[in-house]
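Visitor: I am attaching a structure below and will ask some questions about it afterwards.
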Amino acid sequence: MTSNRVTNTEDITSAASSRRHAENLPYVHKVGVPPKQSLLKEITYTLKETFLHDDPLRPFKDQTRTRKLKLGIQAIFPILDWGRHYNLSKFKGDLIAGLTIASLCIPQDIGYSNLANLDPQFGLYSSFVPPLIYAFMGSSRDIAIGPVAVVSLLLGSMLQDEIDPKNKIEYQRLAFTATFFAGVTQFVLGFFRLGFLIDFLSHAAIVGFMAGASITISLQQLKGLLGIKKFTKKTDIVSVMRSVFSVVHHGWNWQTIVIGVIFLAFLLLAKAKNKKLFWIPAIAPLVSVIISTFFVYITRADKKGVKI
């Protein structure tokens with residue numbers, strides 16, 4: 070009987086404390102549905118978030134006319150902003166990086182010009198001029214500016230369907246026209262801030278494109294590696310392999326194959342990881358071009374079908 074009274078007393082005390090605790094809790098406000106806006110306001114808000122999510126004009130607000138002019142010039146030429154903090158120690162690092170990248174880009178861009186069926190000097194021009202302009206008008210320290218293999222191959226395959234690459238004047242004129250309109254298109258995409266469109270490409274699509282491009286580019290290198298003079302203009306695997314094996318007995322140049330395999334093996338061995346010899350993989354392509362060109366010249370191998 071006593072135990073029942075104790076239990077009832079504890080229950081009453083617990084209930085009373087619960088009521089007091091509930092009374093001390095803060096009042097919870099209910100969140101209502103936001104008012105429905107007009108269609109025009111929703112479209113305006115969506116476009117602003119899509120194209121101007123970072124609001125590039127924000128620094129210009131509440132500024133004097135002189136300050137706005139200064140900010141505008143710095144926006145077009147960022148070098149005027151970060152150039153004030155540039156010093157000798159940064160120049161030393163940039164000089165080493167520039168020499169390292171140049172040793173890699175020179176042979177690489179010569180190969181890109183070959184993919185586009187253009188003379189080697191055009192590949193060198195396209196690797197020198199764009200980074201020089203970007204140094205004054207760009208702000209990223211990590212972006213790579215210059216020609217790429219996929220675009221070079223696409224340009225070459227597109228133009229050779231319209232005109233014979235042997236007609237250099239007309240071929241170069243079409244190449245200049247195509248690159249001009251490509252630049253105009255990129256300018257329009259950048260002006261309207263349409264870079265967000267890349268977010269709609271799936272990872273699988275990008276990986277598949279890169280894999281297909283690498284295979285296509287590798288197959289196109291068989292022409293130079295095997296010394297084949299008459300090569301197909303098509304880029305699909307079946308056409309390329311048919312063009313390669315149809316001239317296996319009389320179209321392959323064994324001197325070209327030997328030289329190509331030797332320097333290809335040299336490039337692969339140069340990639341062996343060694344922290345103390347990190348500079349070897351960087352200069353290996355340029356060294357290969359210089360030595361192979363000198364070797365072909367002194368042995369007169371160019372008279373036997375080996376192209377310099």
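Taking our numbering, the leading residue of the sequence shown gets 70, the next gets one more, and so forth. By construction, the Cβ of each residue, glycine as well, lies at the ideal position given by its N, Cα and C atoms.
CB-CB under 8 Å to tryptophan 321, same chain, minus the five flanking residues each way: which ones, in chain order?
Guide: In the sequence shown, residue 321 corresponds to position 252, counting from 1. Correct list, in chain order: Leu295, Gly296 and Ile297.
Visitor: Quick one: is tyrosine 240 buried, meaning 16 or more other Cβ sit within 10 Å of its Cβ, or exposed?
Guide: The sequence position of residue 240 within the sequence shown is 171, counting from 1. Its Cβ being crowded by 16 or more others within 10 Å, tyrosine 240 is buried.
Visitor: If you run the structure through DSSP and keep just helix, strand and coil, what is glutamate 231?
Guide: Working through the sequence shown from its first residue, we reach residue 231 at position 162. Coil, per DSSP.
Visitor: Just how far apart, CA to CA, sit lysine 303 and phenylalanine 314?
Guide: Taking the first residue of the sequence shown as 1, we reach residue 303 at position 234. Taking the first residue of the sequence shown as 1, we reach residue 314 at position 245. Distance between the alpha carbons of lysine 303 and phenylalanine 314 is about 15 Å.
Visitor: Which residue wins for smallest C-alpha separation from leucine 263, given the options Asn156, Lys117, Glu111 and Pro104?
Guide: Against the sequence shown, residue 263 aligns to sequence position 194. Among Asn156, Lys117, Glu111 and Pro104, the Cα nearest to that of leucine 263 is on Lys117.
Visitor: Quick one: residues in its chain with C-beta nearer than 7 Å to the C-beta of lysine 235, no 5 flanking neighbours on either side, listed in chain order?
Guide: Position 166 of the sequence shown holds residue 235. Excluding residues within five positions, none has a Cβ falling inside 7 Å.
Visitor: Can the beta-carbon of serine 182 be found less than 8 Å from the beta-carbon of glycine 192?
Guide: Within the sequence shown, residue 182 is the residue found at index 113, counting from 1. Within the sequence shown, residue 192 is the residue found at index 123, counting from 1. For serine 182 and glycine 192, yes; Cβs fall inside 8 Å.
Visitor: Where leucine 337 and glutamine 290 are concerned, what is the direct C-alpha to C-alpha distance, given to the nearest angstrom?
Guide: Within the sequence shown, the letter at position 268 stands for residue 337. Within the sequence shown, the letter at position 221 stands for residue 290. Approximately 16 Å, taken between the alpha carbons.
Visitor: State buried or exposed for glycine 141, treating a residue as buried only when at least 16 other CB atoms are found within 10 Å of its CB.
Guide: Here residue 141 is taken as the residue at index 72 of the sequence shown, counted from 1. With fewer than 16 other Cβ atoms within 10 Å, it is exposed.
Visitor: If I measure Cβ to Cβ from proline 354 and keep anything under 6 Å in the same chain, skipping five residues before and after, which residues do I get?
Guide: Taking the first residue of the sequence shown as 1, we reach residue 354 at position 285. Once the five neighbours on either side are set aside, the close Cβ partners of proline 354 are Leu173 and Pro176.
Visitor: How close, in whole Å, do the beta carbons of alanine 244 and leucine 228 come, if the pair is a contact with beta carbons under 8 Å?
Guide: Numbered from its first residue, the sequence shown carries residue 244 at position 175. Numbered from its first residue, the sequence shown carries residue 228 at position 159. Their Cβ separation, rounded to whole angstroms, is 6 Å, which keeps alanine 244 and leucine 228 in contact under 8 Å.
Visitor: Under a Cβ-count criterion, where at least 16 other Cβ atoms within 10 Å of its own Cβ denotes burial, should valine 317 be classed as buried or exposed?
Guide: Taking the first residue of the sequence shown as position 1, residue 317 is located at position 248. Exposed: under 16 other Cβ atoms inside 10 Å.
Visitor: I need the DSSP call for glutamine 289, collapsed to helix, strand or coil.
Guide: As a working mapping, residue 289 is identified with position 220 in the sequence shown. Glutamine 289: helix per DSSP, three-state reduction.
Visitor: Using the Cα positions of glutamine 255 and isoleucine 214, report the straight-line distance between them to the nearest angstrom.
Guide: Residue mapping note: residue 255 aligns to position 186 of the sequence shown, counting from 1. Residue mapping note: residue 214 aligns to position 145 of the sequence shown, counting from 1. Computed Cα separation, rounded: 13 Å.
Visitor: Nearest-angstrom Cα distance between isoleucine 170 and leucine 138?
Guide: As a working mapping, residue 170 is identified with position 101 in the sequence shown. As a working mapping, residue 138 is identified with position 69 in the sequence shown. Roughly 36 Å between the two C-alpha positions.
Visitor: Which term fits threonine 285, buried or exposed, when burial requires 16 or more other beta carbons within 10 angstroms of its beta carbon?
Guide: Residue 285 sits at position 216 when you count from the first residue of the sequence shown. Buried, by the Cβ-count rule.
Visitor: Can you list, in chain order, the residues of its chain whose CB lies under 8 Å from that of valine 375, leaving out five sequence neighbours each side?
Guide: Numbered from 1 along the sequence shown, position 306 holds the residue referred to as residue 375. These residues qualify, in order along the chain: Gly296, Asn322, Gln324, Thr325, Ile328 and Val365.
Visitor: Are the Cβ atoms of valine 309 and leucine 288 separated by less than 8 Å?
Guide: Locating residue 309 in the sequence shown gives position 240, counting from the first residue. Locating residue 288 in the sequence shown gives position 219, counting from the first residue. Result yes, Cβ atoms of valine 309 and leucine 288 sit closer than 8 Å.
Visitor: Just the C-alpha distance for alanine 144 and arginine 134, rounded to the nearest angstrom, thanks.
Guide: As a first step, residue 144 is located in the sequence shown; it is residue number 75 there, counting from the start. As a first step, residue 134 is located in the sequence shown; it is residue number 65 there, counting from the start. Near 15 Å, if we compare the C-alpha coordinates of arginine 134 and alanine 144.
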